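The next block holds one structure in the form of structure tokens; read it before the comments.
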Amino acid sequence: MYEQTRFQQDVKFMLSTIQEKTKSIQDTISEEDCCILSEFDLLLKLVSDAQSVASSYYLESYLSPYTTEYNQIAKAASTLSEKRHGALIVVERKQPLTEILHNGVIIGAKFSQTLLETIFYPGNPLHDGAVLIQNDFIHSAGNILPVSNQTFQSKKIGTRHRAALGLSEVTDAIMIVVSEETGRITFAINGNLHVVKT
Numbered sequence: 001m002y003e004q005t006r007f008q009q010d011v012k013f014m015l016s017t018i019q020e021k022t023k024s025i026q027d028t029i030s031e032e033d034c035c036i037l038s039e040f041d042l043l044l045k046l047v048s049d050a051q052s053v054a055s056s057y058y059l060e061s062y063l064s065p066y067t068t069e070y071n072q073i074a075k076a077a078s079t080l081s082e083k084r085h086g087a088l089i090v091v092e093r094k095q096p097l098t099e100i101l102h103n104g105v106i107i108g109a110k111f112s113q114t115l116l117e118t119i120f121y122p123g124n125p126l127h128d129g130a131v132l133i134q135n136d137f138i139h140s141a142g143n144i145l146p147v148s149n150q151t152f153q154s155k156k157i158g159t160r161h162r163a164a165l166g167l168s169e170v171t172d173a174i175m176i177v178v179s180e181e182t183g184r185i186t187f188a189i190n191g192n193l194h195v196v197k198t
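Under UniProt numbering, the first residue of the sequence shown is numbered 1, with each subsequent residue one higher.
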């Protein structure tokens, strides 16, 4: 588990580096014939890396009180991301979800990384729906979630992301989404999406 002290130190260092890079851009912009486009690319990467570290830390802290399998869930999401296998994983917290989710197939198995990855293998009949994890068990797969009605002006948001947002708007659950198009991993909580891995 990522310790809070280490997390704070890492993020402070990253923010300091971002400040230094921003100052460097400010100093350079007044020079004649300068081009700062590559500097902005580097700054964007630094911000993205800091966001990724923060998102990973908070996702772990949100999951760890509700499942001991949070590391294995993260590893499965990472493997799915590398293979570009889309996934939607729901981790139940305080609020029961079985009455909110629809049409899922009961699995009722102890959590395993291999089982989770197999469910989301392309062509598997259950791979398009959401998997519900309760404590350390995969309760069901192929679940249909309520879809968010939020409007997104600048971003193309797919069905999995809209479903994750929709459930996060009405419950306290954590939804982890793996994009099959980009491999990006995000999680939804309280009606917001946060990037974990780009």
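Just so you know, even glycine gets a beta-carbon here, dropped at the ideal spot from N, CA and C. Here the structure is a predicted model, which is why all the values come from computation and not from measurement.
- By the neighbour-count criterion, in which 16 or more other beta carbons inside 10 Å mark a residue as buried, G104 falls on the buried side.
- Cβ neighbours of T118 within its own chain (closer than 8 Å, five residues either side excluded): N124.
- Straight-line measurement puts the Cα of D33 at about 44 Å from the Cα of Q4.
- Buried is the label assigned to S56, since at least 16 other Cβ atoms lie within 10 Å of its Cβ.
- Check the Cα spacing between L115 and each of A76, I36, R84: the tightest is with A76.
- E69 counts as buried, since at least 16 other C-beta atoms from the protein chains shown sit within 10 angstroms of its C-beta.
- Judged by DSSP secondary structure, Q134 falls within the beta strand (DSSP E) whose first and last residues are 130 to 134.
- Three or more pairs of CB atoms, one per stretch, sit closer than 8 Å, so the segment 157 to 177 contacts the segment 78 to 89.
- Its Cα nearest to that of F111, the residue S140 stands out among V147, S140, T28.
- Secondary structure at L193: strand, using DSSP grouped into helix, strand and coil.
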